[in-house]
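K.L.:
Protein chains: 2
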Amino acid sequence: MEIIDISVSVYDGMKVFPGDPTVAVLPHSRIARGDAANVSELHMGTHTGTHMDPPLHFFMEGMDVSHISLKRLIGECYVLDLESIEKKITREELYPKRSLFKNKILLLKTGNSRLLEDEKFHTDYVYLTKDGAELLVKQKVKLVGIDYLSIEEYGGSGEVHRTLLGSGTPVIETLNMSGIEEGEYFFTFLPLKIKGGDGGPGRAVLIKKEE
Amino acid sequence: MEIIDISVSVYDGMKVFPGDPTVAVLPHSRIARGDAANVSELHMGTHTGTHMDPPLHFFMEGMDVSHISLKRLIGECYVLDLESIEKKITREELYPKRSLFKNKILLLKTGNSRLLEDEKFHTDYVYLTKDGAELLVKQKVKLVGIDYLSIEEYGGSGEVHRTLLGSGTPVIETLNMSGIEEGEYFFTFLPLKIKGGDGGPGRAVLIKKEE
């Protein structure tokens, strides 16, 4: 069993989506100062690092992160390599591959993974279009993951999020898929179980199938 | 595949270990106020809710949560039902069952699970003793989990933590094992990948083996 971590690290001052809460990791107790143990305090947004967007992120009455079925977050997955795409992932790109990800968890690997190490937020990341999102809903994907801080065009209207989340398809953003080959894997994403959470930071892993 | 969530919820004002940072979930942007999306800010300690103690929690130079091998956190697990124990889990209790959990992830289910729903922190929870911890190290358990906010006696010296963490055995605290039957499961715990983290909140699941 080979386990591959595709999560980004959480740390003080890390890059966040513009306008989101900043991240701080502050010492609370320290052995070096005579305390019994090391404990820290975290300040972060619900959309920090590798995280889930549940319907509540874009719909006032939408399902919160703690109620998303774990069956959508754990299971058969297809990683689609779209590194050759420079701007946007459309229906046209996805349609010929639809049988590969139908009814599965789908991860979109793009050139964005290379931007994740950069401290700077890039606004020209590769994104999914509305007609692409509609195809994924039609193919009943259980979950869509992507390798940047948003799945939608920077400054977009929210229509891509609303298409996916409105159909009950959660989105995982900021996955680091550097070095991951296209193909089938077993995927697990476990977000913090935040009661009423409009987002959920978490950890994502791929388990490689035995050949 | 049956997936059982054994994590507790994270919420504003939830119970924490005495002296630990309090938990706040604060609105950052709200659709109801005219914002594009709902985003919240989290303030919490590194030992909030279901979480891991890595060696760095008790050793200044110990391994931090982001470096703990995922192979210790994902794999074959044995849930030991110790509900009949009223005070402490000693070597004597564990020794006759040692072949059941040798080289595995071990979860200690006690009457503590019933206390988790209570908003009040109980100081008289069931805990593991030092000689019990020593036996687990000798049996090379990959990980030890328990169903209260600490694995060690309230007001203890830290010797139980130091025995486990000093041998590189991470501890998962505040697992909710209500209703879980003794036996073999496949376990996954994924903590936030906090760089230099002395603890890591996360989510824990059991997957029931097919009969």
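For the record, the sequence lines run as chains U and P.
Counting in the working numbering, the first sequence runs from 5 upward without gaps.
Counting in the working numbering, the second sequence runs from 5 upward without gaps.
Don't be surprised by glycine CBs; every beta carbon is placed ideally from N, CA and C.
#1: Excluding the 5 residues flanking tyrosine 158/U on each side, which residues of the same chain have their C-beta closer than 6 angstroms to its C-beta?
#2: Quick check: serine 117/U and serine 73/U, are their CB atoms within less than 8 angstroms of each other?
#3: Enumerate, from N- to C-terminal direction, the unbroken alpha helix (DSSP H) stretches of 4 or more residues contained entirely within the segment 20-47 of chain P.
#4: Does any residue of chain P bring its CB to less than 8 angstroms from the CB of tyrosine 15/U?
#5: Which residues in chain P sit within 9 angstroms of phenylalanine 62/U, going by Cβ to Cβ distance?
#6: For threonine 114/P and tyrosine 152/U, what's the separation of their Cα atoms in angstroms?
#7: For threonine 50/U, go through chain B and note every residue whose CB falls closer than 7 angstroms to its CB, in chain order.
#8: Interface residues of chain U around glycine 162/P at Cβ under 8 angstroms?
#9: What residue range does the alpha helix (DSSP H) around histidine 165/U cover?
#10: Could you work out which residues of chain P lie near valine 29/U, taking near to mean beta carbons separated by less than 9 angstroms?
#11: Under 8 angstroms, Cβ to Cβ, is there at least one residue of chain P near aspartate 24/U?
#12: State buried or exposed for proline 100/P, treating a residue as buried only when at least 16 other CB atoms are found within 10 Å of its CB.
#13: Apart from the five residues on each side of it in sequence, which residues of its chain come closer than 6 angstroms, Cβ to Cβ, to tyrosine 129/P?
#14: Could you work out which residue in Glu163/P, Val148/P, Ser161/P and Gly203/P is closest to phenylalanine 191/P when comparing CA atoms only?
#15: Could you tell me which of Ile155/U, Ile7/U and His47/U sits nearest to threonine 94/U, measuring between CA atoms?
#16: Residue range of the alpha helix (DSSP H) that phenylalanine 193/P falls in?
#17: Using the three-state DSSP reduction, which class does leucine 86/P fall into: helix, strand or coil?
#18: Fully enclosed by the segment 51-101 of chain P, which alpha helix (DSSP H) runs are 4 residues long or longer?
#19: Could you tell me the distance, in whole angstroms, from the CA atom of isoleucine 10/P to the CA atom of glutamate 177/P?
#20: Could you pull the DSSP bridge partners for isoleucine 7/U from this structure?
#21: Hey, could you find the ends of the alpha helix (DSSP H) leucine 140/P is sitting in?
#22: Verify whether the separation of the beta carbon atoms of leucine 169/U and leucine 140/U is less than 8 angstroms.
#23: Within the continuous beta strand (DSSP E) that includes glycine 149/U, where are the two ends?
#24: Determine, for threonine 192/U, whether the minimum Cβ-Cβ distance to residues of chain P falls below 8 angstroms.
#25: Using 8 angstroms as the Cβ pair cut-off and three pairs as the minimum, do the segment 8-22 of chain P and the segment 186-200 of chain U touch?
#26: Determine the DSSP secondary structure at leucine 120/P, reduced to helix, strand or coil.
#27: Should threonine 52/U and valine 20/U be called a contact, given that it needs their Cβ atoms to be closer than 8 angstroms?
#28: Can you tell which of Pro25/U, Val29/U, Lys146/U and Leu112/U has its C-alpha closest to the C-alpha of leucine 132/U?
#29: Look at histidine 55/U and glycine 172/U and say whether their C-beta atoms are less than 8 angstroms apart.
#30: Would you report the Cα separation of cysteine 81/U and alanine 208/P, rounded to the nearest angstrom?
#31: Looking at the secondary structure, which residues open and close the beta strand (DSSP E) in which lysine 14/P lies?
#32: Buried or exposed: lysine 36/P, going by 16 or more other Cβ atoms within 10 Å of its Cβ?
#33: Answer with buried or exposed for methionine 48/P, where buried requires no fewer than 16 other C-beta atoms within 10 angstroms of its C-beta.
#34: Can you tell me whether glycine 201/U is helix, strand or coil according to DSSP?
#35: My output table needs one value for glycine 49/U: the three-state DSSP class, helix, strand or coil.
#36: So what's glycine 115/P in DSSP terms, helix, strand or just coil?
P.N.:
In short:
#1: Taken in chain order, the residues that qualify are Thr127.
#2: Here serine 117/U is not near serine 73/U, since their CB atoms are 8 angstroms or more apart.
#3: Within the segment 20-47 of chain P, no complete alpha helix (DSSP H) segment of 4 residues or longer occurs.
#4: yes
#5: Ile35, Ala40, Ala41 and Asn42
#6: 42 angstroms
#7: Considering every chain present, this structure includes no chain B. Its protein chains are U and P.
#8: Ala40 and Ala41
#9: 163-170
#10: Thr50, Ile198, Lys199, Gly200 and Gly201
#11: By this cut-off, aspartate 24/U is an interface position.
#12: exposed
#13: Asn116 and Tyr152
#14: Val148/P
#15: Ile155/U
#16: Looking at the DSSP string, phenylalanine 193/P is not in any alpha helix (DSSP H); the run it does join, the beta strand (DSSP E), is 187-195.
#17: Leucine 86/P sits in coil when the DSSP states are folded into three classes, being neither helix nor strand.
#18: If one requires a minimum length of 4 residues, the alpha helix (DSSP H) runs lying completely within the segment 51-101 of chain P are 95-98, in chain order.
#19: 11 angstroms
#20: Ile211/U
#21: Unbroken alpha helix (DSSP H) run through leucine 140/P: 134-142.
#22: Not closer than 8 angstroms, so no.
#23: 147-150
#24: Yes, because at least one Cβ of chain P sits closer than 8 angstroms to the Cβ of threonine 192/U.
#25: yes
#26: Of the three classes helix, strand and coil, the one that applies to leucine 120/P here is coil, per DSSP.
#27: yes
#28: Leu112/U
#29: Between histidine 55/U and glycine 172/U, the gap from beta carbon to beta carbon reaches 8 angstroms or more.
#30: 20 angstroms
#31: The sequence shown places valine at residue 14/P, rather than the lysine named in the question. Valine 14/P -> no beta strand (DSSP E), and no H or E assigned at all.
#32: For the record, residue 36/P in the displayed sequence is alanine; it is not lysine. Exposed, because fewer than 16 other Cβ atoms sit within 10 Å of the Cβ of alanine 36/P.
#33: buried
#34: If DSSP states are grouped into helix, strand and coil, glycine 201/U belongs with coil.
#35: Strand, per DSSP.
#36: Residue state, collapsed to three classes: helix.
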